[in-house]
Structure formats: C-alpha cells, structure tokens
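Numbering (the working numbering), first residue to last: 73 to 307.
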C-alpha cells in the first residue's frame, strides 16, 4: 500500500544517484531503433515487444544482445555492440528528450548543495554526449558509465568501489538511488542505501515493486520540497 510522506523528505539525502535511460532521458525510441537496425543488418528480425522486455531489465548491451540472439557467438555479440554504438549517437539526437521536470529538479538539487551522480550501464560516449547535449553536465558531481574493467548495476561493488569513495565519510543513510528498472532497485537494496523507483520509466512495474523500493514517484519533480508529495511503501 502506498502512503504519502512530507515532501521535505529529500532533506535526508545528500547524494542523489540517478540512472539515465528511462529516468532522466526518454531513450526508448533510440534504443529500440538501434537494436532493430543492428540485428536487421545481421538478417535477424526481433519483435519490438521482445526488445522492450530486454530493455526493462536495465542490463548491459552485451547481455541484451546475448538474450535476444542466444545463438550468437561472443564475436557476434561484440560486433553487434560495436555497430549499435556507431549508429546510436545520431539516432539518439533525433529522437531522445528529457523527461518532464528533469532539468528543473537537478538544478534545484544542485543549488541546495546536493551531490548528483549519474550511474548508468550505458557506454561512456553515449552517456556523456547525451548529458552534454541537454546541458546537464555542470550540475553533476560524477558521471559513471559502464566500464568493462568494473562491475555494473545491480552488483553492490559498483557502489562501494565507484560511488562511495567519491564522498569520503558520508553515511549510507545520505545516499539514494533513483531509477526505473529492477537493476536500479536491486543495486540500492544490495548496497544498503535508499531506493526510489520512477514509475514513468521502462522497468517492469510488478518486478520493480516486488523489490519494495523505499519511494515511488511518477515525476522527478516529486523530489523537490515544493513539488507533490512522494510516496513511500508501507512494508
């Protein structure tokens, strides 16, 4: 059951960790187009619904292609990832927009002295290009894309190796993860930090709610003290 809490709850948190795809940016169209084109060039046609289901997990490109095409070799998958990234930037520029309230919310948090981290399983070039295009980079303390030499969400080592060292002795209770997929909520749970599921994103609602996120919001503006009240789950 969902119940309302005071909108000033955000004062609890000093570090806001945001996912990118499906949380800050509406990238679904770009992602589906890139998957479809990459696979079509390899004579594979995958239904859009299947691609969407894979996207909902919030995993890496390599894992997504392996799930979509279980018969592909490791070389096939590497080639698919390379081709996807070649075509992504142009398609992303044509189709991707920010979700409602994103820039307003990040700007307000930044002005209040909150630290903002963007933690994504997306590749570095795609992530940094998107944030720069939307003029968000100056608001962000750290941008942490996928790194082949580092673990990725939902592995809690991402937090303890890549996030927490950036903020010295700040207690775990000061961190909150905001994201739209199972990987985001599972990551927060495993890292013992607060979680906030955004219901407008691409994650599977039943799967994400089964993780019992601490908060559920329908707009990023709900993170603002002056915005609508966020919701918390009564466990």
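C-beta: ideal position from N, C-alpha, C; glycine also.
Opening and closing residue of the alpha helix (DSSP H) in which residue i lies
i, result
"residue 259", "254-263"
"residue 251", "Here residue 251 belongs to no alpha helix (DSSP H); instead the beta strand (DSSP E) covers 247-251."
"residue 181", "174-183"
"residue 153", "146-167"
"residue 199", "196-205"
"residue 187", "From DSSP, residue 187 is part of no alpha helix (DSSP H) but of the beta strand (DSSP E) over 187-191."
"residue 102", "100-112"
"residue 123", "120-127"
Distance between residue j and residue i (C-alpha atoms, nearest Å)
i, j, result
"residue 257", "residue 104", "23 Å"
"residue 90", "residue 225", "12 Å"
"residue 242", "residue 211", "20 Å"
"residue 296", "residue 192", "22 Å"
"residue 272", "residue 97", "11 Å"
"residue 108", "residue 116", "8 Å"
"residue 139", "residue 158", "21 Å"
"residue 100", "residue 148", "23 Å"
"residue 113", "residue 183", "46 Å"
"residue 289", "residue 176", "16 Å"
"residue 285", "residue 120", "28 Å"
Same chain, Cβ closer than 7 Å to residue i, five either side skipped, listed in chain order
i, result
"residue 178", "188, 208 and 211"
"residue 194", "92, 93, 217 and 218"
Anticipated Cβ contact below 8 Å, residue i with residue j, distance rounded
i, j, result
"residue 143", "residue 253", "Between residue 253 and residue 143 the Cβ distance is about 26 Å, and since that is not below 8 Å, they are no contact."
"residue 171", "residue 292", "6 Å"
"residue 167", "residue 102", "5 Å"
"residue 255", "residue 129", "6 Å"
"residue 268", "residue 287", "4 Å"
"residue 85", "residue 266", "7 Å"
Burial state of residue i (16 or more Cβ within 10 Å)
i, result
"residue 180", "buried"
"residue 240", "exposed"
"residue 294", "buried"
"residue 44", "With the chain covering 73 to 307 only, the question about residue 44 has no answer from this structure."
"residue 169", "exposed"
"residue 185", "exposed"
"residue 244", "exposed"
Contacts around residue i, its chain only, beta-carbon distance under 6 Å, and the 5 residues preceding and following it disregarded
i, result
"residue 263", "228 and 231"
"residue 152", "110 and 137"
"residue 223", "229 and 230"
"residue 203", "209"
Beta strand (DSSP E) segment containing residue i, residue limits
i, result
"residue 140", "From DSSP, residue 140 is part of no beta strand (DSSP E) but of the alpha helix (DSSP H) over 133-140."
"residue 266", "266-270"
"residue 214", "214-216"
"residue 89", "87-90"
Chain-order list of residues whose beta-carbon lies under 8 Å from that of residue i (same chain, five-residue window excluded)
i, result
"residue 161", "197, 198 and 201"
Any non-hydrogen atom of the ligand ZN within 7 Å of residue i CB
i, result
"residue 165", "For the ligand ZN, the structure offers nothing, since it holds no ligand at all."
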